[in-house]
Amino acid sequence: MDLKDLINSEAFMDVFIQKVVEEVIKRIKNKPKTALVVFSGAAIGFKQAMDSLVKLKNDGWQLKVFLSDEAMNVFTPSYIQETLGLDTIYNSGSKVAQKELYGEVDQIIIAATTVNTAAKVAHGICDNEMLTLINHGIMAGTPVVCAINGACPDDSVRAQLGMGKSPQGYRELLRNNLKALKSFGIKLVSSDELYDGCVGKDSCKDALQSSACAAPAQTAKESDPFEPDDGMIAKRIISRGDVLLHRNSKVIKVPADAIITEYAKEAIATLGLRVEKI
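Each step along the sequence shown adds one to the number in full-length UniProt numbering, with nothing skipped, and position 105 is 105.
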């Protein structure tokens with residue numbers, strides 16, 4: 001049988017097409033997942049979010065990370081970059097087209113969202129680059145996963161930080177913002193289930209339909225989240241939240257060139273702490 005007869009053979013074409021399909025499926029399965037990760041500046045849930053992102057990175061995911069202006073002040077970009085093994089961390093000052101960040105990614109991950117970000121996304125507000133990226137993703141139908149601990153009025157860590165006394169009406173307003181996000185098709189998860197939410201595990205709970213919105217209750221065997229430690233805050237911008245996380249440490253140690261915000265200074269004075277620059 002010559003080549004022309006072989007090509008015209010129905011049996012040969014069936015086998016050939018099947019092999020092509022199998023190869024395409026194989027390549028799709030082996031293609032690494034990609035995600036745009038945005039940080040909005042929420043300290044609540046940050047550690048769990050980072051743990052989840054490290055797991056995704058170890059699974060072979062290719063991550064692009066964008067920090068809002070607030071996140072640039074709250075977090076240490078170099079820590080995020082080094083922990084995730086990234087060449088670049090993007091922010092509002094980066095000279096890159098937005099489509100290069102949100103285009104052709106498999107997923108957008110809102111890591112530890114703030115109350116402010118949840119409210120603005122819920123009402124379609126795009127007054128900064130991070131919100132515009134999220135908007136583009138939603139409009140393009142890109143799957144979005146959002147860790148909501150930092151925006152949840154019932155989160156237990158928020159209560160421990162002295163921010164759990166809001167009126168019922170205000171709590172309901174914040175919950176309605178999260179319900180709006182869910183209605184947009186955004187998957188809402190607790191920070192400690194961010195990894196499961198990203199990989200699509202069936203065991204991942206809907207944070208609005210369970211107690212997952214709140215951090216696990218402290219048991220007698222667990223350590224006090226504010227127990228004294230070395231008091232070291234390895235950041236250049238020191239916020240009130242940073243101070244509160246070390247509220248039981250008599251001395252707070254910060255870098256010599258650290259900038260302490262006015263709210264942080266107020267918390268230091270209220271808690272009777274001493275600051276030591278090293």
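For every residue, glycine included, the Cβ atom is placed at its ideal position computed from N, Cα and C.
Problem set entry | Distance between I186 and Y170 (C-alpha atoms, nearest Å) | Each residue's CA atom was taken as its position, placing Y170 and I186 some 22 Å apart.
For this session: Give the single residue among M72, V105, A112 and T83 whose Cα lies nearest to the Cα of S94.
Result: Closest by alpha carbon: M72.
Exercise. Do the stretch 104-113 and the stretch 72-92 meet, that is, are 3 or more Cβ pairs less than 8 Å apart?
Worked result: no
Problem set entry | Between the CA atoms of R236 and A256 - distance to the nearest angstrom | 9 Å
For this session: Go ahead and label V251 buried or exposed: buried means 16 or more other beta carbons lie within 10 angstroms of its beta carbon, across all protein chains shown.
Result: exposed
For this session: Following the continuous alpha helix (DSSP H) through C146, name the residue where it begins and the one where it ends.
Result: No alpha helix (DSSP H) contains C146, which is instead part of the beta strand (DSSP E) from V144 to A147.
Exercise. Anyone know if the C-beta pair for A118 and L67 falls short of 9 Å?
Worked result: no
For this session: Kindly indicate the opening and closing residues of the alpha helix (DSSP H) around F66.
Result: Element bounds for F66: not the alpha helix (DSSP H) but the beta strand (DSSP E), Q62 to L67.
Exercise. Ordered along the chain, which non-local residues of its own chain (more than five positions away) have a Cβ less than 7 Å from that of A207?
Worked result: I148, L188, V189, S190 and C213
Problem set entry | Under the three-state DSSP convention, the category F184 falls into | Coil at F184, not helix or strand.
Exercise. R240 lies in the alpha helix (DSSP H); which residues open and close that run?
Worked result: R240 to L245
Exercise. The alpha helix (DSSP H) with G138 in it runs from where to where?
Worked result: Checking the displayed sequence, the identity of residue 138 turns out to be Ile instead of Gly. Note, I138: alpha helix (DSSP H), E129 to M139.
For this session: Check whether the Cβ of I125 lies closer than 9 Å to any Cβ atom in chain B.
Result: Of the protein chains in the structure, only one exists, and it is not chain B.
Problem set entry | Buried versus exposed, by CB contacts within 10 Å (16 or more), H246 | Flag for H246 reads buried.
Exercise. Would you say L36 and V105 are within 9 Å of each other, going by their C-beta atoms?
Worked result: V105 is positioned such that its CB atom lies closer than 9 Å to that of L36.
For this session: Could you tell me whether the Cβ atoms of L84 and K47 are closer together than 9 Å?
Result: no
Problem set entry | Buried versus exposed, by CB contacts within 10 Å (16 or more), G45 | Around the CB of G45, 16 or more other CB atoms lie within 10 Å, so the residue is classed as buried.
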